[in-house]
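Notes follow the structure.
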Amino acid sequence: ADNRTCADLDECTVWGHCDQLCTNTDGSFICACASGYTLMDKSRCVAPTASNLELIFAYDRAIVRMSSHGQDFRTIANATGASGLAYHYGKNLLFWSDIKTRKVQSQVLMDGGYGGHDFTLPGTWAPVAIAIDWIGDKLYVADLVGQKVDVFELDGRWHAVVLGSNLTSPADIALDPTSGLMFVADGSHVLRAHMDGTHAKSIVSEAAYKASGVAVDVVAKRVFWCDSLLDYIESVNYEGEYRVMILRGQQVPSPSRLALFENRVFWTDATKQGIMSVDKFEGSSSIQSIFKAKDIREPKAIITVHQLTQPKVSNPCGTNNGGCSQMCVV
1 ADNRTCADLD
11 ECTVWGHCDQ
21 LCTNTDGSFI
31 CACASGYTLM
41 DKSRCVAPTA
51 SNLELIFAYD
61 RAIVRMSSHG
71 QDFRTIANAT
81 GASGLAYHYG
91 KNLLFWSDIK
101 TRKVQSQVLM
111 DGGYGGHDFT
121 LPGTWAPVAI
131 AIDWIGDKLY
141 VADLVGQKVD
151 VFELDGRWHA
161 VVLGSNLTSP
171 ADIALDPTSG
181 LMFVADGSHV
191 LRAHMDGTHA
201 KSIVSEAAYK
211 ASGVAVDVVA
221 KRVFWCDSLL
231 DYIESVNYEG
241 EYRVMILRGQ
251 QVPSPSRLAL
261 FENRVFWTDA
271 TKQGIMSVDK
281 FEGSSSIQSI
291 FKAKDIREPK
301 AIITVHQLTQ
311 PKVSNPCGTN
321 NGGCSQMCVV
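Numbering follows full-length UniProt numbering, in which position 70 of the sequence shown is assigned residue number 70; successive positions increment by one, without gaps.
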């Protein structure tokens, strides 16, 4: 302002400088990684156990499991209108919602056994998307018809509506229980709320038409979403700031749902009838086709299965159920 004093640029606000954690210093910056990751080239965070990553995705008739490169493709459950997916790593439980049967089902994943609980509600209910709270052990369900978000105990004992307003056409839901926040892709906007449904606000509305998928980076505290009609994938921070374009146009013609791991964004695409991925910093030059099949129509949810996607923090509901007589929500 005085034409003599130099102001420090906060490099941590510049997209791509650091993968995960960033500390601004005078004239520079320092990158760091969350526990379980290794810092490479002073800016990139790599999981030494990345080879353990698996993908699970849903299409109308089945739930399918494969490696992160599209190998070892196998059906692990049949369905009639599969739409949403969630996985609790600590409990080894896979959940999926079926829009036609109006149920959310679950099973033990790693040994292919059955031992989960089925969730349903009386009346008209359309569980279009689900998300897991791996800290508080709750299942969140986005109800398209009821225009609300329900939360269930994993054993089905208790149920509550945590978000019953502010929604018009919820299509997907993502949670960050380490911050106590949920995010809902809802038509022309992306909504953020506390996981008890309070403090709901729109963090994305401009230039959005049909937000179909949402995913969160719980380390970098960023939200990623896709628009299935305007054909793009974008990202903002949890406050809706520092918006960046990841991909747009013909290379992402009909994105449905998203999942994240390390630097890569995975998405299901109805036009390409399969799974694609892109490096969030490199854009179109880094697109990979993970899996394609002509008989897979309208691929829906996709999740990444890896321990590092669900970091542990202290559970405020862990002692005496948080002092609650029934359901305690993080």
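Just so you know, even glycine gets a beta-carbon here, dropped at the ideal spot from N, CA and C.
Check your understanding: For PHE152, is the classification buried or exposed, using 16 other Cβ atoms within 10 angstroms of its Cβ as the cut-off for buried?
Key -> Within the sequence shown, numbered from 1, the residue matching residue 152 stands at position 152. Buried.
Exercise for review: Could you tell me how far apart the beta carbons of VAL128 and LEU144 are, in whole angstroms, since I believe they sit closer than 8 Å?
Suggested key: Position 128 of the sequence shown holds residue 128. Position 144 of the sequence shown holds residue 144. Their Cβ separation, rounded to whole angstroms, is 4 Å, which keeps VAL128 and LEU144 in contact under 8 Å.
Review point. Contact between the segment 32-39 and the segment 51-66: three or more CB pairs below 8 Å?
Key: no
Check your understanding: Near ALA215, which residues of its chain fall below 7 Å by C-beta distance, leaving aside the five closest residues on each side in sequence?
Key -> Start at 1 with the first residue of the sequence shown, and residue 215 comes out as number 215. Cβ within range, chain order: ALA174, PHE224, LEU258, ALA259, LEU260.
Check your understanding: In or out: LEU154 buried (at least 16 other Cβ within 10 Å) or exposed?
Key -> The residue labelled residue 154 in the question sits at position 154 within the sequence shown. LEU154 should be labelled buried.
Exercise for review: Have a look at SER179, PRO311, ARG243 and flag the residue whose alpha-carbon is nearest the alpha-carbon of ILE203.
Suggested key: As a first step, residue 203 is located in the sequence shown; it is residue number 203 there, counting from the start. Nearest option by C-alpha distance: ARG243.
Review point. If you compare alpha carbons, which of LYS42, TYR140, GLU11, SER68 is closest to VAL265?
Key: Your numbering for residue 265 matches position 265 in the sequence shown. Per the Cα distances, SER68.
Review point. Leaving out the 5 sequence neighbours to the left and right, which residues in its chain are closer than 6 Å to SER286 when beta-carbon positions are compared?
Key: Position 286 of the sequence shown, counted from the first residue, corresponds to residue 286. So the list reads VAL278, ASP279, once near-sequence residues are dropped.
Review point. For MET40, is the classification buried or exposed, using 16 other Cβ atoms within 10 angstroms of its Cβ as the cut-off for buried?
Key: Here residue 40 corresponds to residue number 40 of the sequence shown, with the count starting at 1. MET40 is exposed by the Cβ-count criterion.
**Study point:** Selection from GLY136, ASN237, MET245, ILE303 that minimises the alpha carbon distance to GLN20
**Key:** Along the sequence shown, one-based indexing puts residue 20 at 20. Nearest of GLY136, ASN237, MET245, ILE303 to GLN20, Cα basis: ASN237.
Point to revise | Beta-carbon proximity list for TRP134, same chain, < 7 Å, skipping 5 on both sides | key: Here the question's residue 134 lines up with position 134 in the sequence shown. So the list reads HIS88, TYR89, GLY90, PRO177, GLN310, once near-sequence residues are dropped.
**Study point:** Beta carbon of ILE130 nearer than 8 Å to that of GLY84
**Key:** Taking the first residue of the sequence shown as position 1, residue 130 is located at position 130. Taking the first residue of the sequence shown as position 1, residue 84 is located at position 84. In this structure, GLY84 lies closer than 8 Å to ILE130 by Cβ.
Practice item. Give a yes or no on whether the C-beta atoms belonging to ASP186 and PRO170 are separated by under 8 Å. Key: Walking along the sequence shown from the start, residue 186 turns up at place 186. Walking along the sequence shown from the start, residue 170 turns up at place 170. Yes, these two residues count as a Cβ contact at 8 Å.
Review point. How many angstroms separate the CA atom of TYR37 from the CA atom of GLY318?
Key: Taking the sequence shown and counting its residues from 1, the one referred to as residue 37 is at position 37. Taking the sequence shown and counting its residues from 1, the one referred to as residue 318 is at position 318. TYR37 and GLY318: Cα-Cα distance of roughly 27 Å.
**Study point:** Distance, ASP72 Cα to ALA142 Cα
**Key:** As a working mapping, residue 142 is identified with position 142 in the sequence shown. As a working mapping, residue 72 is identified with position 72 in the sequence shown. Approximately 31 Å, taken between the alpha carbons.
Review point. Is GLU11 helix, strand or coil by DSSP?
Key: In the sequence shown, residue 11 corresponds to position 11, counting from 1. Helix, per DSSP.
Point to revise | beta strand (DSSP E) segment containing THR38, residue limits | key: As a working mapping, residue 38 is identified with position 38 in the sequence shown. Unbroken beta strand (DSSP E) run through THR38: 38-40.
**Study point:** From GLU241, SER205, LYS103, PRO255, residue whose alpha carbon lies closest to that of LEU229
**Key:** Against the sequence shown, residue 229 aligns to sequence position 229. If we check each option's Cα against that of LEU229, PRO255 comes out closest.
**Study point:** Beta carbon of GLY164 nearer than 8 Å to that of LYS148
**Key:** Along the sequence shown, one-based indexing puts residue 164 at 164. Along the sequence shown, one-based indexing puts residue 148 at 148. In contact: GLY164 and LYS148 (Cβ atoms closer than 8 Å).
Exercise for review: Per DSSP, which residues does TRP267 bridge with? Please list them.
Suggested key: Numbered from 1 along the sequence shown, position 267 holds the residue referred to as residue 267. Partner(s): LEU258, MET276.
Review point. Going by C-alpha distance, which of GLY70, ASP10, CYS12 is nearest SER289?
Key: Taking the first residue of the sequence shown as 1, we reach residue 289 at position 289. For SER289, the closest alpha carbon among the candidates GLY70, ASP10, CYS12 is that of GLY70.
Practice item. Please classify GLN105: is it buried, with 16 or more other beta-carbons within 10 angstroms of its beta-carbon, or exposed? Key: As a position in the sequence shown, residue 105 is number 105, starting the count at 1. Buried: at least 16 other Cβ atoms inside 10 Å.
Review point. Going along the chain, which residues of its own chain have a beta-carbon closer than 8 Å to the beta-carbon of LYS201, five neighbours each way excluded?
Key: For the purposes of this step, residue 201 is taken as the residue at position 201 of the sequence shown. Answer for LYS201: LEU191, ARG192, ALA193, listed in chain order.
Practice item. For PRO316, collect the residues of the same chain with a Cβ closer than 7 Å to its Cβ; drop the 5 residues on either side in sequence, then sort them by chain order. Key: Position 316 of the sequence shown, counted from the first residue, corresponds to residue 316. Excluding residues within five positions, the ones whose Cβ falls inside 7 Å are GLY322, VAL330.
Review point. What's the gap between the Cα of ALA126 and the Cα of SER314?
Key: For the purposes of this step, residue 126 is taken as residue 126 along the sequence shown, with counting starting at 1. For the purposes of this step, residue 314 is taken as residue 314 along the sequence shown, with counting starting at 1. Taking the straight line joining both Cα atoms gives about 33 Å.
Check your understanding: For the candidate residues CYS45, ARG61, TYR140, whose alpha-carbon lies nearest to that of THR101?
Key -> Position 101 of the sequence shown, counting from 1, holds the residue named residue 101. Nearest C-alpha to THR101: ARG61.
Check your understanding: When the Cα atoms are used, what is the spatial distance from VAL64 to SER325?
Key -> As a position in the sequence shown, residue 64 is number 64, starting the count at 1. As a position in the sequence shown, residue 325 is number 325, starting the count at 1. If I take the Cα positions, the gap works out to 39 Å.
Check your understanding: Hey, would you say THR271 sits closer than 8 Å to ILE302, going by beta carbons?
Key -> Locating residue 271 in the sequence shown gives position 271, counting from the first residue. Locating residue 302 in the sequence shown gives position 302, counting from the first residue. Contact flag unset, no.
Exercise for review: Return yes when at least one heavy atom of the ligand SAH lies under 7 Å from the C-beta of TRP267, else no.
Suggested key: The ligand SAH is not among the ligands present in this structure, which contains no ligands whatsoever.
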